[in-house]
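First the structure, in the form of structure tokens, and then the observations on it.
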Amino acid sequence: MRKYEVIFIVKPLEEEATNAVLAKFENLVTANGGNIEKIDRWGKKRLAYEVKDFTEGYYCIFYFTGEPAVVAELDRVMKITDEILKHMVIKEDE
């Protein structure tokens, strides 16, 4: 199992909708054999530049362990999810 972190920006939604998006990805990681170690919610921040006609977004980081297949599935689903403005997955050094 490798250590990863994924940072992503969610569209500025109501709190319930934002929590639903975060829960969706948390469940996705665990359902594919990953293990979430920590969730860091930065909250709503102003973006440096406009992304998909939005000037604000909700920042969140997941620290997790898993196989490369977990990362591939997470990346695939984040790309097709309308609520995600941007995301980046990083493999942590051992």
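For the sequence shown, this note's numbering assigns the number 1 to the initial residue and increments by one for each residue that follows.
Every residue, glycine too, gets a C-beta built ideally from N, C-alpha and C.
Keep in mind that this is a model prediction, so the values were computed, not measured.
Within 10 angstroms of the Cβ of residue i, are there 16 or more other Cβ atoms? Answer buried if so, exposed if not.
i          : result
residue 90 : exposed
residue 24 : exposed
residue 39 : exposed
residue 4  : buried
What is the DSSP secondary structure of residue i, counted as helix, strand or coil?
i          : result
residue 37 : strand
residue 86 : strand
residue 5  : strand
Suppose the cutoff is 6 Å on Cβ atoms and the five residues either side in sequence are ignored; what does the same chain contact list for residue i look like?
i          : result
residue 83 : 10, 11, 21
What number of angstroms, rounded off, separates the C-alpha of residue i from the C-alpha of residue j?
i          : j          : result
residue 37 : residue 1  : 13 Å
residue 18 : residue 72 : 23 Å
residue 62 : residue 76 : 16 Å
residue 50 : residue 85 : 10 Å
Suppose the cutoff is 7 Å on Cβ atoms and the five residues either side in sequence are ignored; what does the same chain contact list for residue i look like?
i          : result
residue 46 : 55, 56
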